[in-house]
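Structure first, commentary second.
There are 2 protein chains.
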Amino acid sequence: MSHSTLAQIAKVDFKPAPKLVDNQLNPHALVAKYAVRGRIPTMAEQLKGTLQSDPDALPFDKIISANIGNPQQLDQKPITFYRQVLALIEYPDLLKNDYVNKIFPHDAIDRANEIMENLVSVGAYSHSKGVLYFRQTVARYIEDRDDHPADPEDIYLTAGASSAVNYLLSLLSNGPQTGFLIPIPQYPLYTASLALNDAKVLPYYLKEEENWSVEASEISEVIKKAKTEGISPRAIVLINPGNPTGSILTEETIAEILNVAAEHGIVVIADEVYQENVYEGEFISVKKVLRDLQKLDSTKYENLQLASLHSTSKGMIGECGQRGGYMELIGFDQSVLSQILKLASISLCPPVIGQALVSLMVNPPHESHPSHGPFRSEKLGIFNALKERSHKLYLAFNKMEGVSCQEPQGAMYCFPQLTLSKKVKAAAADSGMAPDEFYCAKLLENTGVCTVPGSGFGQVPGTWHLRTTFLAPGTEWIDNWAKFHENFMNEYRD
Amino acid sequence: MSHSTLAQIAKVDFKPAPKLVDNQLNPHALVAKYAVRGRIPTMAEQLKGTLQSDPDALPFDKIISANIGNPQQLDQKPITFYRQVLALIEYPDLLKNDYVNKIFPHDAIDRANEIMENLVSVGAYSHSKGVLYFRQTVARYIEDRDDHPADPEDIYLTAGASSAVNYLLSLLSNGPQTGFLIPIPQYPLYTASLALNDAKVLPYYLKEEENWSVEASEISEVIKKAKTEGISPRAIVLINPGNPTGSILTEETIAEILNVAAEHGIVVIADEVYQENVYEGEFISVKKVLRDLQKLDSTKYENLQLASLHSTSKGMIGECGQRGGYMELIGFDQSVLSQILKLASISLCPPVIGQALVSLMVNPPHESHPSHGPFRSEKLGIFNALKERSHKLYLAFNKMEGVSCQEPQGAMYCFPQLTLSKKVKAAAADSGMAPDEFYCAKLLENTGVCTVPGSGFGQVPGTWHLRTTFLAPGTEWIDNWAKFHENFMNEYRD
Numbered sequence: 001m002s003h004s005t006l007a008q009i010a011k012v013d014f015k016p017a018p019k020l021v022d023n024q025l026n027p028h029a030l031v032a033k034y035a036v037r038g039r040i041p042t043m044a045e046q047l048k049g050t051l052q053s054d055p056d057a058l059p060f061d062k063i064i065s066a067n068i069g070n071p072q073q074l075d076q077k078p079i080t081f082y083r084q085v086l087a088l089i090e091y092p093d094l095l096k097n098d099y100v101n102k103i104f105p106h107d108a109i110d111r112a113n114e115i116m117e118n119l120v121s122v123g124a125y126s127h128s129k130g131v132l133y134f135r136q137t138v139a140r141y142i143e144d145r146d147d148h149p150a151d152p153e154d155i156y157l158t159a160g161a162s163s164a165v166n167y168l169l170s171l172l173s174n175g176p177q178t179g180f181l182i183p184i185p186q187y188p189l190y191t192a193s194l195a196l197n198d199a200k201v202l203p204y205y206l207k208e209e210e211n212w213s214v215e216a217s218e219i220s221e222v223i224k225k226a227k228t229e230g231i232s233p234r235a236i237v238l239i240n241p242g243n244p245t246g247s248i249l250t251e252e253t254i255a256e257i258l259n260v261a262a263e264h265g266i267v268v269i270a271d272e273v274y275q276e277n278v279y280e281g282e283f284i285s286v287k288k289v290l291r292d293l294q295k296l297d298s299t300k301y302e303n304l305q306l307a308s309l310h311s312t313s314k315g316m317i318g319e320c321g322q323r324g325g326y327m328e329l330i331g332f333d334q335s336v337l338s339q340i341l342k343l344a345s346i347s348l349c350p351p352v353i354g355q356a357l358v359s360l361m362v363n364p365p366h367e368s369h370p371s372h373g374p375f376r377s378e379k380l381g382i383f384n385a386l387k388e389r390s391h392k393l394y395l396a397f398n399k400m401e402g403v404s405c406q407e408p409q410g411a412m413y414c415f416p417q418l419t420l421s422k423k424v425k426a427a428a429a430d431s432g433m434a435p436d437e438f439y440c441a442k443l444l445e446n447t448g449v450c451t452v453p454g455s456g457f458g459q460v461p462g463t464w465h466l467r468t469t470f471l472a473p474g475t476e477w478i479d480n481w482a483k484f485h486e487n488f489m490n491e492y493r494d
Numbered sequence: 001m002s003h004s005t006l007a008q009i010a011k012v013d014f015k016p017a018p019k020l021v022d023n024q025l026n027p028h029a030l031v032a033k034y035a036v037r038g039r040i041p042t043m044a045e046q047l048k049g050t051l052q053s054d055p056d057a058l059p060f061d062k063i064i065s066a067n068i069g070n071p072q073q074l075d076q077k078p079i080t081f082y083r084q085v086l087a088l089i090e091y092p093d094l095l096k097n098d099y100v101n102k103i104f105p106h107d108a109i110d111r112a113n114e115i116m117e118n119l120v121s122v123g124a125y126s127h128s129k130g131v132l133y134f135r136q137t138v139a140r141y142i143e144d145r146d147d148h149p150a151d152p153e154d155i156y157l158t159a160g161a162s163s164a165v166n167y168l169l170s171l172l173s174n175g176p177q178t179g180f181l182i183p184i185p186q187y188p189l190y191t192a193s194l195a196l197n198d199a200k201v202l203p204y205y206l207k208e209e210e211n212w213s214v215e216a217s218e219i220s221e222v223i224k225k226a227k228t229e230g231i232s233p234r235a236i237v238l239i240n241p242g243n244p245t246g247s248i249l250t251e252e253t254i255a256e257i258l259n260v261a262a263e264h265g266i267v268v269i270a271d272e273v274y275q276e277n278v279y280e281g282e283f284i285s286v287k288k289v290l291r292d293l294q295k296l297d298s299t300k301y302e303n304l305q306l307a308s309l310h311s312t313s314k315g316m317i318g319e320c321g322q323r324g325g326y327m328e329l330i331g332f333d334q335s336v337l338s339q340i341l342k343l344a345s346i347s348l349c350p351p352v353i354g355q356a357l358v359s360l361m362v363n364p365p366h367e368s369h370p371s372h373g374p375f376r377s378e379k380l381g382i383f384n385a386l387k388e389r390s391h392k393l394y395l396a397f398n399k400m401e402g403v404s405c406q407e408p409q410g411a412m413y414c415f416p417q418l419t420l421s422k423k424v425k426a427a428a429a430d431s432g433m434a435p436d437e438f439y440c441a442k443l444l445e446n447t448g449v450c451t452v453p454g455s456g457f458g459q460v461p462g463t464w465h466l467r468t469t470f471l472a473p474g475t476e477w478i479d480n481w482a483k484f485h486e487n488f489m490n491e492y493r494d
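Sequences listed follow chains B and R, in order.
Following full-length UniProt numbering, the numbering of the first sequence begins with 1 at its first residue and continues without gaps.
Following full-length UniProt numbering, the numbering of the second sequence begins with 1 at its first residue and continues without gaps.
Here it is, written out as structure tokens:
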């Protein structure tokens, strides 16, 4: 086309319309909140920029991103065996290279060959449920874990657990009269997703003083109350081990909750992404308890619908950026399963490298193979460091004035309660912040430690908390926090 | 817990509730349709199962998945340089290995080192917009392509282009009174997403007889008509090169459509994932035309809002399973951008390996470096094969009785029109199928070629089409199709 034609088109006379602004957008999206990457983390990003242009501008030399469970950003090393196999399947020509045996242990090579026998290419769309071979390894893992059968056809690989949550909540939401029981405090993906889907959050409160435990009787009460208000409770989310609380559900509690769910026909969504992060006590999967109950009474539990979620982002694997995950779906009607598969197929397929990593996570090197020793010691090193830091941080919090913290049994977080003075509350109000948000902002400005205020997760009204990971290496940051806290308490004493 | 406690819990008396069925689910999800993985592909999967258990059971020995643009599933080889760099960043210890220079060319090693200097780990969550370094390479690519500046802060990396479409449509949908102009025929992700978001599809028809071209005046009419019906047109989707049509928009058409969009304040979503798949004519980006118009008249186009999408799944790269993509957002209000970023952050981040692949796609090996020669010949080999097959398939269709096909200028598909007899229509009705779906089912059963009926993409009522990729290697399948077609026409002649 000649340039003059474009000029003619630009000469056509019309009055240009204004831009869209946010109040014209999807109102459900506008109200969704996701504090893990909210106001405090946004401030931290700005401070990071400041430090880059002037390293001496602030009272600290780096930001410690304790706001999000992102182990490798905080120097956790990836587990070698996993990465070796992923490199080999990204570039399978390596498997035929003369030097491959000089670089990779034979079990990594064998595993990569086994995967490539069951996979066209990591660059091809897979089935929307994921590659069958990967789903088979997941099913075997679940069988070993629970001592009950698992079917690869019940496994749906996902892009992290988040995408499983999105599929489930969006499909189960049928307008604002559909209710979802969410623990408070919770991981804010749940409330954000429900806001997007215009469904109703039915909070059930965890008992802080009893290490954030939950009682089935309270859940039953929440359901009954919702029904009297015309809300139809559709699903209950269990986060086990707890995020942000770090608590672990007992078999008894799970069984009692399953009774309530079976009685009311409520789907159970078991977020079990921290199932390997267990420092005290024992993790028992909801699936295992369900199957045990079904053995005891085959008819009473046969309609129970369970989705259990796992991820490559947590555990000792910590591979957040690879976006691997799965959900196991038990007891759903075929008409519902078809809809879930349709939603998954609109997104085509989860990342295939992430799928492969799920399969590696659930199928570690065999004891008799060369990678087993290094694998075991890498994994144990990470586990012991997490366990040790969780305990240190817990002790440090309980030594701070006006701070109380339950001992984390699992996961990656402490969720201490802060007793804050009237002066803090007034100063916070002046800054347009909640008191816990104000504390987190001051902590960040003074130490570079980025956390998330309790309001992002939910808390009993009038109480104040924050969530911090215990992923950052070393203990200097904990000491700096304690010093900051002392000064803060002195400055804002009533 | 003792086993007796579990037994006691199982003895609690209650009446179990029934399972959920689909009509209790999100009604918007229920109506969403995604034919690319719909009924015919589902039949194909069953036939694949049949062949696996008995290779002689059917009149063909394999399924040819021509239903979906999935090049590597159809034996397209990944481009070596990309995979070499990805393997190195999955397992960066390789970069320090003594043998690395014996296996990898130095520019692959240099590129991997450059990436690792700008990236903590592919296993860490990145910024929700993606890693800055990757966004910088995308911005440079766009600058070179369009000869206009591009800003890395306008680039949002995504999990394929599909996730960009999801963010945009979900945010821009404000109830059933919000309209979206969608070309007919279209890629069904758009109508599926709009169904999920309960927004209104405003179809604009492409002129088949003029190689599926589009006229700005028709778009203008659709907008005016919608407004009189109380619908607020919010965005227009341009798919260029076209899917399923293979047509390419001219600069003039794009400029005229931009006039309409500027006048009515309508967001332009430019789906440009096939920008490298151009066999006839020239691809010109919507961004380039917009910037050219803005040079000619700086005020009239300043409010124009454009999202342009690209992907690693198509082009000659064809890396669908890696889920890489980006969108460039131009002209949006800051309040809208904040909401898009929030949605992206709820999903945490796009797969980091996919992000790296986007960066490699837009930044190929330098001419003076060792990988350039092999890279160029691999890419050219794929391009020439696609171009040749597209032409062969187009000729084959136009030789078939009652079939007419426009010559594809770009993308990966033919979308021939089928003239079907009354007998076909009656037989289709007896099977509960549309006539084109019936044709596709018979084609599949007789040849193993899996396609998608035109109804999955939209078509002028009373016309019948199908979409097939031209990705499958060889030409035997085209010959088999022609033979099937002849028999089919004879069998169902009126």
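For glycine and all other residues, C-beta sits at the position ideal for the given N, C-alpha and C.
| Query | Result |
| --- | --- |
| Can you list, in chain order, the residues of its chain whose CB lies under 6 Å from that of K399(B), leaving out five sequence neighbours each side? | none |
| Are the C-beta atoms of F14(B) and some chain R residue less than 7 Å apart? | yes |
| Is there a Cβ of chain B sitting closer than 7 Å to that of S173(R), yes or no? | yes |
| Can you tell me whether P149(R) is buried or exposed, with buried defined as 16 or more other CB within 10 angstroms of its CB? | exposed |
| Could you give the distance in angstroms between the alpha-carbon of G175(R) and the alpha-carbon of I231(R)? | 10 Å |
| Is any beta-carbon of chain C found at less than 7 Å from that of L238(B)? | Annotation note: the requested chain C is absent from the structure, which comprises protein chains B and R. |
| In whole angstroms, give me the CA-to-CA distance for K62(B) and L471(B). | 15 Å |
| Quick check on DSSP: helix, strand or coil for M1(R)? | The predicted position of M1(R) is uncertain, since its pLDDT is 48 and thus under 50; a value taken from the coordinates is nonetheless stated next. Reduced to three states, the DSSP call for M1(R) is coil. |
| If the criterion is Cβ atoms closer than 7 Å, does the pair D75(B) and P350(B) meet it? | no |
| Comparing the C-beta of T5(R) with each C-beta of chain B, is any distance below 7 Å? | yes |
| Are the segment 271 to 282 of chain R and the segment 26 to 37 of chain B in contact at 8 Å, needing three or more beta carbon pairs? | no |
| Would you mind stating whether P435(R) and A426(R) have Cβ atoms separated by less than 7 Å? | no |
| Among the candidates K442(B), G456(B), N259(B), N303(B), whose CA atom is the shortest distance from the CA of residue 502(B)? | With chain B running from 1 to 494 in the structure shown, residue 502(B) is simply not present. |
| If L347(R) sits next to V138(R), beta carbons under 8 Å apart, how far is it from one beta carbon to the other, in whole angstroms? | Here residue 347(R) is Ser; the residue named in the question, Leu, does not match the sequence. Between V138(R) and S347(R) the Cβ distance is about 19 Å, and since that is not below 8 Å, they are no contact. |
| Are any of the Cβ atoms in chain R nearer than 7 Å to that of G373(B)? | no |
| Strictly by DSSP, which residues pair up with S217(R)? | Partner(s): none; S217(R) has no beta bridge. |
| Helix, strand or coil: how does DSSP classify M361(R) here? | helix |
| Going by Cα to Cα distance, which pick from Q406(B), E229(B), P183(B), A356(B) is closest to Q322(R)? | A356(B) |
| In terms of DSSP beta bridges, what is Y156(B) paired with? | M327(B) |
| Pick out whichever of P92(R), L168(R), N70(R), E45(R) has its Cα sitting closest to the Cα of I236(R). | L168(R) |
| Write down every uninterrupted run of the alpha helix (DSSP H) in the segment 72 to 134 of chain R whose length is 4 residues or greater and which is fully enclosed by it, in chain order. | 80 to 90, 100 to 103, 106 to 117 |
| Who are the neighbours of R83(B) on chain R, taking C-beta pairs under 7 Å? | E90, Y91 |
| Under 7 Å between C-beta atoms, does M1(B) make it to chain R? | Low local confidence applies: a pLDDT of 48 at M1(B) is under 50, so the model's placement there is unreliable, with the coordinate-based value given in what follows. Yes, contact with chain R. |
| Counting only beta-carbon atoms, is G432(R) nearer than 7 Å to chain B? | no |
| Strictly under 7 Å for the Cβ-Cβ distance: is K19(B) near chain R by that measure? | yes |
| For A262(B), which of helix, strand or coil comes out of DSSP? | helix |
| Please list the segments of the alpha helix (DSSP H) lying wholly inside the segment 9 to 43 of chain R, counting only runs of 4 or more residues, in order along the chain. | 27 to 31 |
| Would you say K225(B) reaches chain R, if we count a Cβ-Cβ gap shorter than 7 Å as a contact? | no |
| Could you have a look at Y274(R) and say whether DSSP puts it in helix, strand or coil? | coil |
| For chain B, find out if any of its Cβ atoms is closer than 7 Å to the Cβ of Q136(R); answer yes or no. | no |
| In the segment 421 to 485 of chain B, which residue ranges form an unbroken alpha helix (DSSP H) of at least 4 residues, counting only runs that do not cross its ends? | 422 to 430, 435 to 447 |
| One question on the structure: do P244(R) and F415(R) come within less than 7 Å of each other, judged by their Cβ atoms? | yes |
| Between which two residues does the beta strand (DSSP E) carrying A307(R) extend? | 306 to 311 |
| Is it buried or exposed for G130(R), if we count other Cβ within 10 angstroms and need 16 for buried? | buried |
| With 7 Å as the threshold, decide whether the Cβ of L337(R) is near any Cβ in chain B. | no |
| Using the three-state DSSP reduction, which class does P185(B) fall into: helix, strand or coil? | coil |
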